[in-house]
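Trainee: Numbering (the working numbering), first residue to last: 31 to 674.
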Amino acid sequence: MKKIYLFFSVVLLALTACDNYLDVSSDSKYGEDYVFGSKDEINRVLTSVYATLMSSDAYGQTYFYDLALNSDVEFKTFSSNIRSTNGDDFECFDGTQHGSSVRKFWNKAYEGIERANIFIQGIQESAIFDSEDTELTQQLGEAKTLRAMFYHDLVVMYGDIPFSTVPAYELESLIIPVTDRNAVLDTLINDLIEVAPGMTYANELQDGVERVSREFCHGLIARMALTRAGYSLYPNKSSMSDIGTMERQSDYKDYYKIAMDYADSVIVSGTHELNKSFRQVFIDECNNVVDNADDPIFEIPFLRGSSGNVGYVQGGSVGATDDLTSHIWGQVNGGARLNAFYRYSFDRSDLREDYTVGMWYYDAEGQPQVRTDYNTHINKWSKLWANSSSALGSDSKNNTGINYPYMRYADILLMYAEAVNEYEDGVSGPNGQKAIDAFKQVRSRAFSTDDQAEKVDDYMTQISASKEDFFDAIVNERKWEFGGENIRWKDLVRWNLYSKVVYDSFMEYYIVGSLMDGNTLDGSDKYDNLPTTMFYKVVDNPGDINIYPNTSLPIIEFYNPWESTLSPGGDWLMAEFYNWGDENTEYPKDQCSYSYRGYIRGGIDATYESFDPDNLPPVRYMLPYPNDALQLSNGAYRNYYGYN
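In structure tokens, the structure reads:
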């Protein structure tokens, strides 16, 4: 990696970026005749847009960690029944406009948008721009796609947003008007449809999938179209304290058609396939191996030692003594976690479960310890997966340089299958078999050759019987395929399933916590075989990445971790799980009561008993406009959804 990053410091000398998009001055305007007078200079300015992506305030951490909201997949615990003073409790739907996470992502996204707007205007007005020059049309497409990526994620997180496609120095007022989310998405979709024909496929680009390609442009059109087709939380403009209502627009089917067509365009291009094993995709990312023809469609290109916390916040945590580890891989934070019950949702033969879900971590001596608390680790990426020649050193921490796969081909295939099922009311229509085949490609990779007949072929026949069955299977397949990638809650929102899943997940934690207190709630019988005691032993590393990607450190072997069993005897050790009852209060422990507290809570101030499972209120997943933006808008912006 990564030529893109190397120009960044040079570009910043020409391009003044501001910490807050409302504070853009005329310094952002510079000599376009000079900067856009040659292809080298044009490429350097484009690099500044990419550089914004790599900030830890944007896609280097905040996007996939700080703003990964709790669900039945990603899950962060909260142990207090009151909001933290920093206002950053967004994962449990209880943050405030003062929270640093919303401010960081908002400011960085608008910084990237401003840079993209400057570039787009500059290149289009450049004397050397020629619509027949594929190098320049590719660069124009990159900037427009990156701008659409920033805006789309802002829409998903904030709803209606300030929207402009021209540089700030061209505006009469720096207070950009708030635009309806659907109008924003319509503009971006049409913009990318127009620019996509001038773009190049990843396998023809010098930097491959580390650069925006035609496939990613088409894939982003499909993703934005599914957002536009789906449900969203709309505010009650007459009451700032009202949470709002979940709605979708009456023209939603038109956007399923767009998603179907543009996901299909990636498929028929034949430029990507799922040839590698599921785990190898992520192991390669941890070793800076870039494959331009396999699963990744667009990887955000971080630089080792300088940017990116992928594999530091994910993976089993790794302790240190005096900031030094006993091995060459260094410390791992391991704070990005998965719901404790997520692993039980997988088929026992599904190869993705064993690799996605991490059940242990390492102490300062390099010895594995069973993770027995309220969640499990995300094992798709870890600094430990780097081979010895790529290890960052015993004193290393973050800035791993591991790429983040913002979009994968598996997503394209499942978006296509979903869009066909919705647009054609099932998979018996003209594109039904192609939708089944797309779905099947993803599922086939998840099972061994011996399991293909039952778990793939028979399964596909079963789920293709009706639109409802196929949709339910899509909901589950995306759950298993994208664990730990901060996709689940967004999918649940557009399907209008977030309330149900959050309610069910809360009840799961609360029921199990109550059982540990000797209390039974409705549904307790479901957990009769829950393995509250598991048996394990520490064994030598097998030296096989198909068993464990780190081939040096000792590992843990579990004895039947799926259900409760008797002790196998011998040298097996015992680990106690789900010790979630609080003997002092006779309630489940606070982590069970308050990890969804902005929506539903247990404990002494419980609200869950008032919930009607058949008529659930919406989840307030929308983020507030940050306080700085509110203040600088001089009253033009207002927070709804109960942020008052």
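For glycine and all other residues, C-beta sits at the position ideal for the given N, C-alpha and C. From a predicted model like this one, the values you see are computed outputs, not experimental measurements.
Any contact between the region 611–623 and the region 516–525? By contact I mean 3 or more CB pairs, one from each, below 8 Å.
Mentor: At 8 Å Cβ cutoff, the stretches do not touch.
Trainee: Below 8 Å on the Cβ atoms is my contact criterion, and I expect W390 with G345 to pass it. Report the Cβ-Cβ distance as a whole number of Å.
Mentor: Not a contact, Cβ separation roughly 11 Å.
Trainee: Going by Cα to Cα distance, which pick from D353, Q463, H302, G423 is closest to I442?
Mentor: Looking at the Cα atoms, H302 is the closest of the given residues.
Trainee: Out of curiosity, what's the CA-to-CA distance linking I634 and Y95?
Mentor: Roughly 30 Å between the two C-alpha positions.
Trainee: Hey, is the region 235–249 in contact with the region 169–176, meaning 3+ C-beta pairs nearer than 8 Å?
Mentor: Yes: at least three Cβ pairs fall under 8 Å.
Trainee: According to DSSP, M604 sits in a beta bridge with which residue or residues?
Mentor: The partner list for M604 (beta bridge, DSSP) reads F565.
Trainee: Take the Cβ of K556 as the centre, count every other Cβ of all protein chains shown within 10 Å, and call the residue buried at 16 or more, exposed below.
Mentor: K556 should be labelled exposed.
Trainee: When we look at the beta-carbon of K134 and count the other beta-carbons within 10 Å, is it buried (16 or more) or exposed?
Mentor: With 16 or more other Cβ atoms within 10 Å, it is buried.
Trainee: Quick check on DSSP: helix, strand or coil for V132?
Mentor: Correct three-state label for V132: helix.
Trainee: Smallest Cα separation from S25: which of E395, Y385, T386, I432?
Mentor: Since the first residue of the chain shown is 31 and the last is 674, residue 25 is not available in this structure.
Trainee: Under the rule that 16 or more other beta-carbon atoms within 10 Å means buried, what is A659, buried or exposed?
Mentor: Buried.
Trainee: Looking at C-alpha atoms only, which residue of S375, L215, T386 is the closest neighbour of R367?
Mentor: Here the closest residue by C-alpha is T386.
Trainee: Following the continuous beta strand (DSSP E) through T637, name the residue where it begins and the one where it ends.
Mentor: Where T637 is concerned, there is no enclosing beta strand (DSSP E), given that its DSSP letter is neither H nor E.
Trainee: Does DSSP classify N674 as helix, strand or coil?
Mentor: Coil.
Trainee: Please determine, among Y199, I251, E165, S262, the residue with the shortest C-alpha to C-alpha distance to G228.
Mentor: For G228, the nearest C-alpha among the options comes from E165.
Trainee: Alpha carbon to alpha carbon, what distance is there between R113 and D612?
Mentor: Spanning the two alpha carbons is a distance of roughly 21 Å.
Trainee: Can you find a heavy atom of the ligand NAD that lies under 6 Å from the Cβ of N111?
Mentor: Judged by which ligands are present, the structure shown has none, so any question about the ligand NAD falls away.
Trainee: Given S55, which residues of its chain have a CB within under 6 Å of its CB, disregarding the five upstream and five downstream residues?
Mentor: For S55, the pLDDT reaches just 33, beneath the cut-off of 50, and the residue's location in the model is therefore unreliable, leaving the point undetermined.
Trainee: To the nearest angstrom, how far is the alpha carbon of S161 from that of N116?
Mentor: C-alpha separation (whole angstroms): 50 Å.
Trainee: Measure the Cβ-Cβ separation of P579 and W415 and say whether it is below 7 Å.
Mentor: Cβ distance < 7 Å, so P579 and W415 count as in contact.
Trainee: Would N664 and H128 qualify as a contact pair, given that the criterion is a beta-carbon distance under 7 Å?
Mentor: Not a contact, by the Cβ cut-off of 7 Å.
Trainee: Go ahead and label G599 buried or exposed: buried means 16 or more other beta carbons lie within 10 angstroms of its beta carbon, across all protein chains shown.
Mentor: With fewer than 16 Cβ atoms within 10 Å of its Cβ, G599 is classed as exposed.
Trainee: According to DSSP, which residues form a beta bridge with L263?
Mentor: Beta-bridge pairing links L263 to M276.
Trainee: Looking only at its own chain, which residues have a Cβ that is under 6 Å from the Cβ of K59, when we skip the five neighbours before and after it?
Mentor: Because the pLDDT of K59 is 48, which lies under 50, any placement of that residue in the model is unreliable, and the question is left without a value.
Trainee: Tell me whether the beta-carbon of N317 lies closer than 7 Å to the beta-carbon of Y342.
Mentor: Result no, Cβ atoms of N317 and Y342 do not sit closer than 7 Å.
Trainee: Should the region 141–156 be called in touch with the region 76–84, which here means at least 3 C-beta pairs below 8 Å?
Mentor: Touching, yes.
Trainee: For F187, I'd like the list of residues in its chain whose CB is within less than 6 Å of its CB, leaving aside the five on either flank, ordered along the chain.
Mentor: The sequence shown places Met at residue 187, not Phe. Only L653 meet the Cβ criterion.
Trainee: Counting along the chain, where does the alpha helix (DSSP H) carrying Y489 start and finish?
Mentor: Here the alpha helix (DSSP H) through Y489 covers 489–493.
Trainee: Ignoring anything shorter than 4 residues or poking outside the region 609–651, list the alpha helix (DSSP H) runs there in chain order.
Mentor: Complete alpha helix (DSSP H) runs here, min 4: 620–624.
Trainee: By how many angstroms is the C-alpha of R524 removed from the C-alpha of A226?
Mentor: Roughly 25 Å between the two C-alpha positions.
Trainee: Assuming Y533 is part of the beta strand (DSSP E), what are its boundary residues?
Mentor: Premise fails: Y533 lies in the alpha helix (DSSP H), 528–546, not in any beta strand (DSSP E).
Trainee: Which residues does DSSP pair with G360 in a beta bridge?
Mentor: According to DSSP, which records beta bridges pairwise, G360 is partnered with nothing at all.
Trainee: How do the region 199–213 and the region 236–245 stand: do at least 3 beta-carbon pairs fall below 8 Å, yes or no?
Mentor: With a cut-off of 8 Å, the region 236–245 and the region 199–213 do not count as touching, because too few Cβ pairs lie within range.
Trainee: If you reduce the DSSP assignment to three classes, tell me which class Y282 lands in.
Mentor: The answer is helix: DSSP assigns Y282 an H, G or I state.
Trainee: From L662, F332, Y667, D325, pick the residue whose C-alpha is nearest to that of G300; which is it?
Mentor: The option with the nearest alpha carbon to G300 is D325.
Trainee: Assuming Y439 and I327 make a contact with CB atoms under 8 Å, what is their CB distance in whole Å?
Mentor: The pair is a contact, with the Cβ atoms about 6 Å apart (cut-off 8 Å).
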